[in-house]
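Note that the sequence shown covers residues 1 to 337 in our numbering.
Accompanying notes for the structure given below.
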Amino acid sequence: MLKLGVIGTGWISKQFVEAIQENGSWELTSVFSRSIEKAEKFGEELGLNIIGYRDLEQFFSSDDFDVVYIASPNSLHFEQSRQAILAGKHVIVEKPACSNPQEMKIIQQLLYKNNNVYYFEAARHFHEPNFLKVKDTVKQMNTIQGATLTYMKYSSKYDDFLAGKEPNVFSLDFSGGALQDLGVYLGYDAVSWFGLPEKVQYVATKLRNGIDGKGLALLSYPGYTVTLNIGKIANSYLKSEVYGLKETIVMDNAADLEEIRLIDGTSEQLLTQKAAANPMAAEVSDFTEILKNPTSLSSKQKMEDWLAVCVQVNHVLYELRVSAEIIFRADEQMREK
Ligand SMILES: NC(=O)c1ccc[n+]([C@@H]2O[C@H](COP(=O)([O-])OP(=O)(O)OC[C@H]3O[C@@H](n4cnc5c(N)ncnc54)[C@H](OP(=O)(O)O)[C@@H]3O)[C@@H](O)[C@H]2O)c1
């Protein structure tokens with residue numbers, strides 16, 4: 001059995017634990033929270049006997065788990081991942097894994113030195129069969145003439161922001177904003193389907209504290225552009241599209257890929273496979289296969305391939321953010337080092 005420790009007791013941690021329970025190869029043993037009561041309640045609600053921690057050093061020096069799932073606010077991912085790697089724990093860190101390329105570089109250097117540790121960014125849709133189907137279909141297109149990808153969902157936390165509060169997801173201090181939170185999915189789409197863009201620009205709709213509530217990103221590729229339409233303060237019902245010559249891939253949503261069609265003039269083909277009920281099932285299945293075979297060359301190669309995409313997405317998001325003059329506290333902290 002793979003033994004898991006979790007950081008963060010929000011709904012996403014619960015969904016992740018439900019996915020590992022369905023998978024059947026895992027056991028949740030430990031939970032880190034700012035409050036022991038919360039950690040224990042998290043275990044109770046899932047019907048599990050866990051050990052609660054509120055001291056991060058003690059949590060990481062525990063022998064009770066081998067893999068940590070990090071679902072804390074974005075700005076904490078880097079330091080928590082750093083400590084996990086140094087403690088020899090495998091890391092599954094929620095997206096976005098790092099706030100900027102400087103943090104990413106330090107993680108890469110640590111992984112190089114601790115090459116028995118696995119590190120995954122939990123970019124859930126990247127592991128789904130429907131995502132891979134779009135990737136294969138794009139690869140088969142003789143001509144690519146661009147794409148428009150949309151992921152815009154009103155966040156319930158925006159109600160709090162409008163009421164004068166500053167939830168983590170709308171905070172520069174916690175590396176929040178639409179680009180980091182939802183744009184990361186579209187970043188994965190663009191980098192995986194089209195490669196690294198030559199040039200990027202982000203036109204952000206900024207909120208009172210300078211964070212991006214929504215925005216339009218333009219990614220320039222040789223001969224075409226990819227447009228990303230991102231937002232957390234409004235809802236969009238637009239479909240997403242990839243343009244070939246006469247054929248178009250049409251997706252119901254560029255991050256929650258449930259229905260994908262290839263339309264060529266008058267003919268239409270449904271490409272979708274039925275997605276798993278738990279949207280984290282596919283990534284859990286991929287991580288499990290690797291972590292159960294940690295010494296195999298193919299496991300190491302897969303992690304390297306995924307890490308390469310993670311690093312490129314981090315780079316693209318950072319360049320987009322810089323183009324819109326959005327500066328996180330995490331950027332300033334790196335400059336001070
Ligand atoms: N893959 C997906 O589909 C998906 C969906 C949603 C979110 N996410 C990612 O999951 C992560 C967590 O998102 P979230 O919306 O759950 O974030 P959140 O509510 O702001 O924080 C998550 C957890 O971190 C702890 N926390 C909150 N504020 C903190 C602070 N100021 N200092 C230290 N710890 C704090 C809390 O746990 P304790 O109170 O127990 O300490 C909280 O439950 C983010 O990186 C987000 O991008 C992924």
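Where a beta carbon is used, it is the ideal one built from N, C-alpha and C, also for glycine.
Source: prediction; values computed, not measured.
Which residue wins for smallest C-alpha separation from residue i, given the options the options?
i	options	result
Thr29	Gly47, Gln15 and Glu22	Gly47
Val93	Ala87, Gln108 and Tyr119	Tyr119
Leu219	Asn209, Lys95, Leu196 and Glu241	Leu196
Arg34	Lys3, Gly24, Ser72 and Trp26	Ser72
Glu103	Asn209, Ala19 and Val311	Val311
Leu162	Gly213, Ile326, Val250 and Tyr243	Gly213
Ile36	Gln58, Gln21, Ala87 and Ser240	Gln58
Met251	Leu270, Thr266, Asn74 and Gly265	Leu270
Lys153	Gly146, Gly177 and Gln140	Gly177
I'd like the span of the beta strand (DSSP E) that includes residue i, first residue to last.
i	result
Gly52	Ile51 to Tyr53
Phe120	Tyr119 to Ala122
Ile144	No beta strand (DSSP E) contains Ile144, which DSSP labels as neither H nor E.
His125	No beta strand (DSSP E) holds His125; DSSP gives it neither H nor E.
Glu259	Unbroken run through Glu259: none, as it is neither H nor E.
Lys214	Asp212 to Tyr221
Count the other CB atoms within 10 Å of the CB of residue i; is the residue buried (16 or more) or exposed (fewer)?
i	result
Tyr202	buried
Ser61	exposed
Asn49	exposed
Arg321	buried
Lys246	exposed
Tyr318	buried
Tyr188	buried
Leu344	As shown, the chain starts at 1 and ends at 337. That puts residue 344 outside it, with no answer to give.
Pro96	buried
Just the C-alpha distance for residue i and residue j, rounded to the nearest angstrom, thanks.
i	j	result
Tyr112	Ser299	15 Å
Asn116	Gly10	29 Å
Leu172	Thr205	14 Å
Lys199	His315	12 Å
Arg151	Leu207	Reading the sequence as shown, one finds Tyr at residue 151 and not Arg. Taking the straight line joining both Cα atoms gives about 18 Å.
Phe170	Pro101	21 Å
Leu56	Val6	11 Å
Ile260	Thr137	11 Å
Tyr224	Trp26	44 Å
Phe78	Leu182	19 Å
Tyr158	Ile233	6 Å
Could you please give the first and the last residue of the uninterrupted alpha helix (DSSP H) stretch that includes residue i?
i	result
Lys300	Leu297 to Ser323
Met1	Unbroken run through Met1: none, as it is neither H nor E.
Leu196	Run containing Leu196: none; DSSP gives neither H nor E here.
Thr288	Ala281 to Lys292
Gln273	No alpha helix (DSSP H) contains Gln273, which DSSP labels as neither H nor E.
Do residue j and residue i count as a contact pair if the criterion is CB distance below 8 Å?
i	j	result
Asn114	Ile70	no
His90	Asp64	no
Phe32	Ser175	no
Leu238	Ala190	no
Gly52	Glu44	no
His127	Asp256	no
Gly215	Leu179	yes
Trp193	Lys135	yes
Thr248	Glu258	no
Val184	Ala19	no
So, is the C-beta of residue i closer than 8 Å to a C-beta in chain B?
i	result
Val191	Although the question refers to chain B, the structure presented lacks it and comprises just one protein chain.
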